[in-house]
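In our numbering, the protein residues as written are 1 to 153. Every residue gets a Cβ at the ideal spot worked out from N, C-alpha and C, and that includes glycine.
Written out as structure tokens, the structure reads:
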């Protein structure tokens with residue numbers, strides 16, 4: 001009879017460490033986001049638009065790894081708050097294009113405190129944080145490929 005695989009403690013499980021890191025970052029960001037009167041998902045949408053303004057709902061969803069059905073109500077609330085505008089694409093009425101308003105653009109400078117807080121709280125050099133980010137992205141991409149490949153098997 002083969003030996004069963006050893007049971008890992010929570011602290012030995014990478015998924016738990018990543019989950020805990022995400023929760024810690026969210027706790028560090030929360031008071032800053034509250035002061036900006038935005039949520040973390042709204043910050044992510046703004047970040048995508050700061051990279052490339054005028055994205056469709058589908059493009060934002062793809063960039064953030066979310067479903068369009070989750071992004072639409074989020075963007076509607078942001079429009080209500082005056083951060084973005086939504087218009088139908090005249091070339092394809094099915095698409096909604098999202099653009100930053102002046103308030104949405106101004107939020108970029110106001111939100112630099114988030115990155116500064118993360119760097120200050122990490123206690124790591126910028127070089128180590130950049131490498132950690134690259135490693136986590138590579139891990140994320142590998143797991144995403146695995147999921148896609150498994151779904152096609």
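key: Which listed residue (77, 50 and 88) has its alpha carbon closest to that of residue 56   = 88
task = Output the distance between the C-alpha atoms of residue 131 and residue 93, rounded to the nearest integer angstrom.
result = 42 Å
query = How about residue 10 and residue 117: do their beta carbons lie closer than 9 Å?
reply = no
message = Once DSSP output is grouped into helix, strand and coil, what is the label at residue 9?
response = coil
Integer Cβ distance of residue 99 from residue 84, believed to fall under 8 Å = 6 Å
query = Per DSSP, residue 92 forms a beta bridge with which residues?
reply = 89
ask   = Is it true that the CB of residue 36 sits closer than 9 Å to the CB of residue 142?
value = no
inquiry  = One question on the structure: do residue 77 and residue 108 come within less than 9 Å of each other, judged by their Cβ atoms?
reply    = no
query = According to DSSP, which residues form a beta bridge with residue 99?
reply = 85
inquiry  = With a threshold of 6 Å on Cβ separation, who are the neighbours of residue 44 within its own chain once the five nearest residues in sequence on each side are excluded?
reply    = 64
request  = Just mark residue 18 as buried or exposed, buried being the case when its beta carbon has 16 or more other beta carbons within 10 Å.
outcome  = exposed
request  = Evaluate residue 71 with the Cβ neighbour count: other Cβ atoms within 10 Å of its Cβ, from every protein chain shown; 16 or more gives buried, anything less gives exposed.
outcome  = buried
task = Take residue 59 and list the residues in its own chain whose beta-carbon comes closer than 7 Å to its own, dropping the five residues that flank it on each side.
result = none
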